[in-house]
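Report on the structure given below.
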Amino acid sequence: MTLALLVGVLVAGGVYLILQRGMVRITFGFVLLGHAGNLVLMASGVTSDRDAPLLHLSDMASMADALPQAFTLTAIVIAFSITVYMLTLAA
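Residue numbers (our numbering): 1 to 91.
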């Protein structure tokens, strides 16, 4: 429940900042939306009460899915590159 509220607050703040004037505020809005997306991706992996995704340490039924973590890492890199590009345009 708290994760859903946090994502909602981040999305609301991001949309508010994107609708403002000024390139820096728009960039910060995209940063907030990127963080909200990362939290949604990590929540989709259901990492609580799961074992590490290593074959020799745990059985297949209790393993955490590594794909949402890989998607989140990719989203972090893309959000960082977009942030740097938008801040370059703002200068």
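Even glycine gets a Cβ: it sits at the ideal position worked out from N, Cα and C.
Quick caveat: nothing in here was measured; it's all calculated off a predicted structure.
Are residue i and residue j touching if we call contact CB-CB under 7 Å?
{"i": "residue 88", "j": "residue 41", "result": "no"}
{"i": "residue 39", "j": "residue 7", "result": "yes"}
{"i": "residue 75", "j": "residue 13", "result": "no"}
{"i": "residue 3", "j": "residue 43", "result": "yes"}
Could you have a look at residue i and say whether DSSP puts it in helix, strand or coil?
{"i": "residue 101", "result": "Because the chain spans 1 through 91 in this model, residue 101 falls outside it and cannot be assessed."}
{"i": "residue 19", "result": "coil"}
{"i": "residue 91", "result": "coil"}
{"i": "residue 1", "result": "coil"}
Taking the alpha carbon of residue i as the reference point, which residue from the options has its own alpha carbon closest?
{"i": "residue 34", "options": "15, 5, 49", "result": "15"}
{"i": "residue 84", "options": "69, 21, 26", "result": "26"}
{"i": "residue 46", "options": "65, 21, 81", "result": "65"}
{"i": "residue 81", "options": "49, 69, 67, 30", "result": "30"}
{"i": "residue 90", "options": "1, 70, 28, 79", "result": "28"}
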